[in-house]
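Participant:
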Amino acid sequence: MKLHARFRKAKKTAILSTALLGLVIPTNALLTAAPAAAAVSCIGWGWKNADAGDGYMVKSGTHLKAGPYSACDNLTTTVPAGTHLYYHCYVVNDYSNTWTHVRIAGTSIEGWTSDDNLDDHGALSHC
C-alpha cells in the first residue's frame, strides 16, 4: 500500500510540475485541427458567348479577373467607370455571388467581373 501511495504522489507532482511549466496540452487539441480556409478556384470556369446583352462598368478601380472571385488574378489594369462591355454569360461562385464574363467593347480584352460592378447586374444567360 505504501508503494502505491508513493507512486500516486509522484504522479501528482509530475503533473503539477508539467502544468506549471506550461507543457500540458489538452487532449482535444491533439484530436482536432482548425479547418483550413477554402481556396478559391480561378481556373476551369467555362464560359460561352451565349448572351447578346451589354452594359457599363459602374464602379471605378475594378479589374477584369481570371475567375469569378475577387482573389483571382487581375487580367487588366483598372477598368474605368462608364466602360462599355459585352456580356457572354454568368456563373454563381461558391459564395453565391454572380459574376459575368465580359469583353471590353472595341477590344479583344475579356475576363470576369462581379455583377455588382455592372449597371444592369450582368448577363442573363448562364454559362
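Taking my numbering, the leading residue of the sequence shown gets 54, the next gets one more, and so forth. Just so you know, even glycine gets a beta-carbon here, dropped at the ideal spot from N, CA and C. Note that the structure is predicted; figures quoted are calculated from it, not measured.
Is the number of C-beta pairs between the segment 101-111 and the segment 120-128 that are closer than 8 Å three or more?
Facilitator: Touching, no.
Participant: Indicate the three-state DSSP secondary structure (helix, strand or coil) for Thr85 in the structure shown.
Facilitator: Counting from one through the sequence shown, the residue named residue 85 turns up at place 32. Note that Thr85 scores 42 on pLDDT, short of 50, meaning its location in the model is unreliable; the coordinates nonetheless yield the value given after this. Of the three classes helix, strand and coil, the one that applies to Thr85 here is coil, per DSSP.
Participant: Just curious, the beta strand (DSSP E) that Asp107 is in, first and last residue?
Facilitator: On the sequence shown, position 54 is the one that residue 107 refers to. Counting along the chain, the beta strand (DSSP E) containing Asp107 begins and ends at 107-109.
Participant: Since I believe Tyr143 is in contact with Asp168 (beta carbons under 8 Å), could you give me their beta-carbon distance rounded to a whole number of angstroms?
Facilitator: As a position in the sequence shown, residue 168 is number 115, starting the count at 1. As a position in the sequence shown, residue 143 is number 90, starting the count at 1. Their Cβ separation, rounded to whole angstroms, is 7 Å, which keeps Asp168 and Tyr143 in contact under 8 Å.
Participant: Secondary structure at Asn127, three-state DSSP: helix, strand or coil?
Facilitator: Here residue 127 refers to the residue found at position 74 when the sequence shown is read from its first residue. Residue state, collapsed to three classes: strand.
Participant: Using only alpha-carbon positions, find the residue among Val155, Ala92, His179 that is nearest to Asn170.
Facilitator: Taking the sequence shown and counting its residues from 1, the one referred to as residue 170 is at position 117. If we check each option's Cα against that of Asn170, Val155 comes out closest.
Participant: By alpha-carbon positions, which one of Gly108, Asp126, Thr130 ends up nearest to Ala176?
Facilitator: For the purposes of this step, residue 176 is taken as residue 123 along the sequence shown, with counting starting at 1. If we check each option's Cα against that of Ala176, Gly108 comes out closest.
Participant: Count the other CB atoms, across all protein chains shown, that sit within 10 Å of the CB of His137; report buried if there are 16 or more and exposed otherwise.
Facilitator: Here the question's residue 137 lines up with position 84 in the sequence shown. So His137 counts as exposed.
Participant: Buried or exposed: which applies to Gly164, given that a residue is buried once 16 or more other Cβ atoms fall within 10 Å of its Cβ?
Facilitator: Here residue 164 refers to the residue found at position 111 when the sequence shown is read from its first residue. So Gly164 counts as buried.
Participant: Is it the case that the Cβ atoms of His116 and Thr129 are separated by a distance below 8 Å?
Facilitator: Mapped onto the sequence shown, residue 116 falls at position 63. Mapped onto the sequence shown, residue 129 falls at position 76. Cβ atoms of His116 and Thr129: closer than 8 Å.
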